[in-house]
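2 protein chains.
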Amino acid sequence: MDWAEQAKSRLEEAGFRTGAARRQVIELLGDESCAVTALEIDRRLPRVGRASVYRTLEQLEQLELVHRVDVGGEVVAFERNDPGGHHHHMVCVRCGRLVPFSDPGLERAIEAIGAKAEFEITAHDVLLRGVCPRCSERGN
Amino acid sequence: MDWAEQAKSRLEEAGFRTGAARRQVIELLGDESCAVTALEIDRRLPRVGRASVYRTLEQLEQLELVHRVDVGGEVVAFERNDPGGHHHHMVCVRCGRLVPFSDPGLERAIEAIGAKAEFEITAHDVLLRGVCPRCSERGN
DNA sequence: ATCTGTGCAAATAGTTTGCATCCTC
DNA sequence: GAGGATGCAAACTATTTGCACAGAT
Numbered sequence: 014m015d016w017a018e019q020a021k022s023r024l025e026e027a028g029f030r031t032g033a034a035r036r037q038v039i040e041l042l043g044d045e046s047c048a049v050t051a052l053e054i055d056r057r058l059p060r061v062g063r064a065s066v067y068r069t070l071e072q073l074e075q076l077e078l079v080h081r082v083d084v085g086g087e088v089v090a091f092e093r094n095d096p097g098g099h100h101h102h103m104v105c106v107r108c109g110r111l112v113p114f115s116d117p118g119l120e121r122a123i124e125a126i127g128a129k130a131e132f133e134i135t136a137h138d139v140l141l142r143g144v145c146p147r148c149s150e151r152g153n
Numbered sequence: 014m015d016w017a018e019q020a021k022s023r024l025e026e027a028g029f030r031t032g033a034a035r036r037q038v039i040e041l042l043g044d045e046s047c048a049v050t051a052l053e054i055d056r057r058l059p060r061v062g063r064a065s066v067y068r069t070l071e072q073l074e075q076l077e078l079v080h081r082v083d084v085g086g087e088v089v090a091f092e093r094n095d096p097g098g099h100h101h102h103m104v105c106v107r108c109g110r111l112v113p114f115s116d117p118g119l120e121r122a123i124e125a126i127g128a129k130a131e132f133e134i135t136a137h138d139v140l141l142r143g144v145c146p147r148c149s150e151r152g153n
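Residue numbers (the working numbering), protein chains in the order written: chain R, 14 to 153; chain U, 14 to 153.
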């Protein structure tokens with residue numbers, strides 16, 4: 014069962030009805046393996062009201078089916094929670110390109126911090142900023 | 014020489030004049046060891062226009078005297094760049110409290126990623142989310 | 001005296017809310 | 001048929017921009 018199907022089931026279980034807007038947002042997110050902004054979703058789904066996009070994202074977030082990705086402060090992006098597909102991002106400071114990566118050493122280091130911290134850590138984000146190979150080549 | 018003095022010198026070197034707004038914003042940031050939002054700065058400096066706060070922060074960021082801290086997506090905070098004072102943050106998902114921490118193991122893991130990545134990594138952010146001891150005590 | 005820096009107010013951008021209507025159950 | 005879901009438009013919040021004037025050099 015792919016992510017979109019699973020998301021629909023979970024929403025149904027949670028007592029939500031299935032309308033057109035929600036279905037389309039979920040399907041779009043399911044097709045996208047990396048982060049998408051709310052406005053991009055809105056742009057790509059002209060028949061869906063902007064408010065519905067935000068409402069759906071909020072519900073999905075609460076059900077832990079998607080999570081927020083902060084990639085610069087201006088805009089917030091969302092991406093689906095793939096079980097076992099935990100990853101972080103590198104963002105190109107020139108062109109804004111977002112590239113996912115994952116690294117066991119990094120996860121271990123973060124776990125170690127969580128173990129000795131006073132906070133009860135439940136989630137973490139890592140964002141590496143730099144210049145992507147493409148932008149690096151073409152000058153500068 | 015403290016951070017505020019240094020910041021003023023660097024601005025002067027860069028050809029900026031020293032007006033009242035910039036001075037006050039810089040002094041406030043110098044007194045604050047952790048992140049402050051633009052709006053908080055504006056609130057705490059009633060005689061300074063909001064626009065000047067944002068303009069100053071932008072200039073300071075370009076001169077690498079402050080850097081952005083994304084702590085949840087809604088608001089962006091800024092904090093001074095202390096040479097050698099590199100750190101990250103834990104944010105409490107209940108009360109929003111922001112606590113700085115630093116960890117050599119984490120830094121090492123990130124350096125290792127940078128060494129083998131295709132991106133030329135120039136900066137990184139880590140944000141740990143969880144529940145702070147205070148909120149954890151007073152019942153869930 | 002010149003030209004940058006500043007404050008104010010208006011403009012923008014992203015997100016949220018109110019509400020009448022549509023559609024699922 | 002009832003109540004949640006949706007789209008539209010208006011409200012809000014954070015940030016940016018335009019502009020006349022004050023102030024630094």
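Cβ atoms here follow ideal geometry from the backbone N, Cα and C, with glycine treated the same way.
Q.
Distance check for U/Val38 and U/Leu70, CA to CA, integer angstroms please.
A. 8 angstroms
Q: Measuring only between beta-carbons, confirm whether U/Pro96 sits less than 9 angstroms from chain R.
A: no
Q | the stretch 93 to 107 of chain R contacting the stretch 126 to 140 of chain U, beta-carbon criterion three pairs below 8 angstroms | A | yes
**Q.** Same chain only: Cβ atoms within 7 angstroms of U/Asn94, ignoring 5 sequence neighbours per side
**A.** Glu77, Leu78, Val79 and His80
Q: Out of U/Gly62, U/Ala34 and U/Leu111, state which residue places its alpha-carbon closest to the alpha-carbon of U/Glu45.
A: U/Leu111
Q | R/Pro117 to U/Ala33 span [Cα, whole Å] | A | 49 angstroms
Q: Would you kindly check if the distance between the Cβ of R/Asp138 and the Cβ of U/Arg121 is under 9 angstroms?
A: no
(Q) Beta-carbon within less than 7 angstroms of R/Cys21's beta-carbon, same chain only, minus the 5 sequence neighbours each way: which residues are those? (A) Before going on, a small fix: residue 21 of chain R reads as Lys here, not Cys. Excluding positions up to five away in sequence, the list reads Thr31 and Ile39.
Q) Buried or exposed: U/Asp83, going by 16 or more other Cβ atoms within 10 Å of its Cβ? A) buried
Q: Kindly indicate if chain R contains any beta-carbon less than 9 angstroms away from that of U/Val66.
A: no
(Q) Per DSSP, what are the beta-bridge partners of U/Glu133 in this structure? (A) R/Val144
Q: Determine the chain R residues that contact U/Thr69 at a beta-carbon separation under 8 angstroms, and present them in chain order.
A: Those do not exist, as U/Thr69 stays about 17 angstroms from chain R at its closest Cβ, beyond 8 angstroms.
Q) If you draw a straight line from the alpha carbon of R/Met14 to that of R/Cys47, how long is it in whole angstroms? A) 19 angstroms
Q) For R/Ala48 and chain U, any beta-carbon pair shorter than 9 angstroms? A) no
Q | N-terminal and C-terminal residue of the alpha helix (DSSP H) that U/Arg68 is part of | A | Arg63 to Gln75
Q) Based on the DSSP secondary-structure assignment, which residues constitute the bridge partners of U/Val84? A) None, per the DSSP bridge assignment.
Q. Residues of chain R with CB under 8 angstroms from U/Phe132, in chain order?
A. Met103, Cys105, Val112, Leu141, Gly143, Val144, Cys145 and Pro146
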